[in-house]
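Encoded as structure tokens, the structure appears first; notes follow it.
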Amino acid sequence: MTPILNADLHCHSIVSDGTLSPEALAARAKANGVELWALTDHDEIGGQQRAAAAARALGLPYLSGVEISVTFIGRTIHIVGLGFDPEHPALQRGLIQTRGGREQRAQEMSESLAKVGIAGAFKGALKFADNPALIARTHFARFLVESGVCRDTHEVFRKYLTEGKPGFVAHHWASLKDAVSWITQAGGVAVIAHPARYKFSINEEFALFSEFKNHGGQGVEVVTGSHSAAEYLTYADTAREFGLAASRGSDFHSPEESHTELGTLPHLPGRLTPVWELLTDRIQHPSKQCQTASAAMDH
Ligand code: AMP
Ligand code: MN
Ligand code: MN
Ligand code: MN
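Per this note's numbering, numbering of the sequence shown is gapless, rising by one per residue and ending at 316.
Okay, structure coming up:
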């Protein structure tokens with residue numbers, strides 16, 4: 018497959034902190050001309066069957082996806098998994114464990130906000146969480162907008178919920194080694210999500226990429242809604258330097274909140290291996306499944 022493919026391999030549904038259903042996202046991806054799609058909810062694969070079924074019905078090729086929260090050198094980073102078997106027990110157990118601490122963390126976030134005079138944040142955030150097991154900072158951000166504390170979620174993340182600000186609670190997520198291993202054991206490819214977001218020093222970033230490679234990681238997001246045009250080129254170089262495949266994804270969460278619409282990013286820069294080339298036999302092609310189904314009926 019070609020690098021010139023409208024692949025969108027990073028977005029979120031109501032199963033984590035997006036505002037659209039997996040079906041509505043599939044329809045939106047299709048309408049925007051996406052040619053290969055993956056739903057990558059945070060620490061959750063509960064939406065995978067629905068996403069794959071909706072994609073199949075629309076004739077949209079699909080890859081299974083997830084975005085795993087990881088603690089690396091004391092900081093939170095995200096590892097995207099693509100093309101894995103969602104039924105794999107090691108992956109399922111790992112994700113249950115990773116999301117397990119979210120409710121307690123949310124209670125502590127609420128207590129921290131109460132200290133600056135914002136009451137009822139836990140209940141308020143929970144109202145926005147379709148999946149209570151996946152209560153995220155985004156749901157708190159929506160509550161803070163609804164209650165008039167901030168104008169929009171971007172203002173929330175400037176003033177609250179981030180390190181040093183009210184509502185921030187440090188949390189210990191999965192290790193890099195475990196996250197990569199759960200994905201690869203399940204037959205998928207692990208991808209470093211939006212590396213520019215971490216604001217790592219050169220040495221920290223080198224450590225991340227080297228350790229990720231050593232653990233069996235194979236990809237990095239180059240073109241993402243979280244990167245500037247200059248950062249596409251920086252991380253295209255990093256991908257070549259470390260021999261990693263390149264991924265592309267909007268990180269779309271919501272029509273109201275997201276800057277980047279599904280399927281609207283520029284194509285990957287040249288001289289890169291697109292991550293979908295590593296995953297050709299993991300792509301769920303609607304037509305092939307139809308052929309298999311009709312072939313089965315012939316016999
Ligand atoms: P959590 O996994 O609960 O820590 O929530 C992380 C989510 O919060 C991210 O996936 C984003 O959806 C959102 N988020 C974090 N930082 C920002 C930010 N600076 N601006 C907008 N959304 C953010
Ligand atoms: Mn999110
Ligand atoms: Mn992320
Ligand atoms: Mn994301």
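For glycine and all other residues, C-beta sits at the position ideal for the given N, C-alpha and C.
Open item on the list: Can you tell me which residues fall inside 6 Å of ligand 1, judged by beta-carbon distance to its nearest heavy atom, and keep chain order?
Closed with: Asp34, His59, Ser86, Ala153, Arg154, Thr155, Thr170, His171, Phe174, His270
Task: Where Pro291 falls: helix, strand or coil (DSSP) - done: Here residue 291 refers to the residue found at position 274 of the sequence shown. Three-state result, Pro291: strand.
Open item on the list: Check this for me: beta carbons of Ser22 and Ala43, under 8 Å apart or not?
Closed with: Here the question's residue 22 lines up with position 5 in the sequence shown. Here the question's residue 43 lines up with position 26 in the sequence shown. Per the sequence shown, the amino acid found at residue 22 is Leu instead of Ser. The answer is no: Cβ separation not under 8 Å.
Task: Those residues which DSSP pairs with Ser271 across a bridge - done: Mapped onto the sequence shown, residue 271 falls at position 254. DSSP output for Ser271 lists no bridge partner at all.
Open item on the list: Looking at the secondary structure, which residues open and close the beta strand (DSSP E) in which Leu99 lies?
Closed with: Residue mapping note: residue 99 aligns to position 82 of the sequence shown, counting from 1. First-last of the beta strand (DSSP E) with Leu99: 92-99.
Open item on the list: Pull the bridge partners of Ala263 from the DSSP assignment, please.
Closed with: Locating residue 263 in the sequence shown gives position 246, where the first residue counts as 1. According to DSSP, which records beta bridges pairwise, Ala263 is partnered with Val237, Pro291.
Open item on the list: Which same chain residues end up closer than 7 Å to Ser86 when comparing Cβ atoms and leaving out the 5 residues on each side of it in sequence?
Closed with: The residue labelled residue 86 in the question sits at position 69 within the sequence shown. Cβ within range, chain order: His59, Asp60, Thr93, His95, Thr115, Trp190, Ala191.
- [ ] Using 7 Å as the cut-off, classify the Cβ of His29 as near or not near the heavy atoms of ligand 5, replying yes or no.
- [x] Ligand 5 is not among the ligands present in this structure, which contains only ligand 1, ligand 2, ligand 3 and ligand 4.
Open item on the list: In the DSSP assignment, the alpha helix (DSSP H) including Phe157 goes from what residue to what residue?
Closed with: Position 140 of the sequence shown, counted from the first residue, corresponds to residue 157. First-last of the alpha helix (DSSP H) with Phe157: 154-163.
Open item on the list: Suppose contacts are defined by Cβ-Cβ distances below 8 Å. Is Arg45 in contact with Leu282 by that definition?
Closed with: As a first step, residue 45 is located in the sequence shown; it is residue number 28 there, counting from the start. As a first step, residue 282 is located in the sequence shown; it is residue number 265 there, counting from the start. For Arg45 and Leu282, no; Cβs fall outside 8 Å.
TODO: Return helix, strand or coil for Asp254, following the three-state DSSP convention.
DONE: One-based indexing of the sequence shown puts residue 254 at position 237. Asp254: helix per DSSP, three-state reduction.
Task: Cβ neighbours of Ala69 in the same chain (closer than 8 Å, five flanking residues each side left out) - done: Translated into positions along the sequence shown, residue 69 becomes position 52. Closer than 8 Å at Cβ, skipping near neighbours: Tyr79, Ser81, Gln301.
- [ ] State the DSSP-derived secondary structure class of Gly280, mapped to helix, strand or coil.
- [x] For the purposes of this step, residue 280 is identified with residue 263 of the sequence shown, where counting begins at 1. If DSSP states are grouped into helix, strand and coil, Gly280 belongs with coil.
Task: Unbroken alpha helix (DSSP H) run spanning Ser245, endpoints - done: The count along the sequence shown starts at 1 and reaches residue 245 at position 228. Ser245 -> no alpha helix (DSSP H), and no H or E assigned at all.
Open item on the list: So, under 8 Å CB-CB, Thr241 and His211 are touching, yes? Tell me the CB distance rounded to an integer number of Å.
Closed with: In the sequence shown, the residue the question calls residue 241 occupies position 224. In the sequence shown, the residue the question calls residue 211 occupies position 194. Yes, Thr241 and His211 are in contact; Cβ-Cβ is about 5 Å, under 8 Å.
Task: Under 6 Å, CB to nearest heavy atom of ligand 3: contacting residues - done: Glu84, His95, Ala210, His211
Task: Asp147 beta carbon near ligand 4 (any heavy atom closer than 7 Å) - done: For the purposes of this step, residue 147 is identified with residue 130 of the sequence shown, where counting begins at 1. Not under cutoff, so the answer is no.
Open item on the list: Whether or not the region 229-236 and the region 193-211 are in contact is what I'm after, with contact meaning three or more pairs of Cβ atoms, one per stretch, closer than 8 Å; do they touch?
Closed with: yes
Open item on the list: At the level of alpha carbons, what is the spacing between Thr290 and Thr297?
Closed with: On the sequence shown, residue 290 is found 273 positions in, with the first residue counted as 1. On the sequence shown, residue 297 is found 280 positions in, with the first residue counted as 1. Taking the straight line joining both Cα atoms gives about 13 Å.
Open item on the list: Taking the alpha-carbon of Val51 as reference, which of Ser267, Pro272, Glu273, Arg288 has the nearest alpha-carbon?
Closed with: The count along the sequence shown starts at 1 and reaches residue 51 at position 34. Cα-wise, what sits closest to Val51 is Ser267.
- [ ] Measure from the alpha carbon of Gly181 to the alpha carbon of each residue in Arg67, Arg159, Ser129, then state which is nearest.
- [x] Here residue 181 refers to the residue found at position 164 when the sequence shown is read from its first residue. Here the closest residue by C-alpha is Ser129.
Open item on the list: If I measure Cβ to Cβ from Leu161 and keep anything under 6 Å in the same chain, skipping five residues before and after, which residues do I get?
Closed with: Residue mapping note: residue 161 aligns to position 144 of the sequence shown, counting from 1. Counting only Cβ-Cβ distances below 6 Å, and skipping sequence neighbours, we find Cys167, Val173.
Open item on the list: Shorter than 7 Å, the distance from the beta carbon of Thr57 to the closest heavy atom of ligand 4, or not?
Closed with: Taking the sequence shown and counting its residues from 1, the one referred to as residue 57 is at position 40. The answer is yes for Thr57.
Task: First and last residue of the uninterrupted beta strand (DSSP E) at Phe89 - done: Position 72 of the sequence shown, counted from the first residue, corresponds to residue 89. It spans 82-89 - the beta strand (DSSP E) in which Phe89 sits, taken as one unbroken run.
Open item on the list: Three or more C-beta pairs under 8 Å: does that hold for the region 253-268 against the region 26-42?
Closed with: yes
Task: Nonlocal neighbours in the same chain, by C-beta distance under 7 Å from Asp315, ignoring five residues either side - done: For the purposes of this step, residue 315 is identified with residue 298 of the sequence shown, where counting begins at 1. Unreliable placement is indicated for Asp315, whose pLDDT of 41 sits below 50; the coordinate value is still reported in the next sentence. Excluding residues within five positions, none has a Cβ falling inside 7 Å.
TODO: Take the Cβ of Asp34 as the centre, count every other Cβ of all protein chains shown within 10 Å, and call the residue buried at 16 or more, exposed below.
DONE: Within the sequence shown, residue 34 is the residue found at index 17, counting from 1. It counts as buried.
Task: Nearest candidate by alpha-carbon position, reference Ser304, set Ala41, Ile31, Arg73, Asp147 - done: Counted from its first residue, the sequence shown places residue 304 at position 287. When only C-alpha atoms are compared, the closest one is Arg73.
Task: Cβ-Cβ separation, Ala262 to Glu294 (assumed contact under 8 Å), whole Å - done: Counted from its first residue, the sequence shown places residue 294 at position 277. Counted from its first residue, the sequence shown places residue 262 at position 245. So it is a contact: roughly 7 Å between Cβ atoms.
Task: Host beta strand (DSSP E) of Ile209 (start-end) - done: The residue given as residue 209 occupies position 192 in the sequence shown. From DSSP, the beta strand (DSSP E) with Ile209 extends over 206-209.
Open item on the list: Under DSSP, the alpha helix (DSSP H) around Arg73 begins and ends at which residues?
Closed with: Taking the first residue of the sequence shown as position 1, residue 73 is located at position 56. First-last of the alpha helix (DSSP H) with Arg73: 65-75.
Task: Unbroken alpha helix (DSSP H) run spanning Phe229, endpoints - done: Taking the first residue of the sequence shown as position 1, residue 229 is located at position 212. 219-231 is the span of the alpha helix (DSSP H), which, as asked, contains Phe229.
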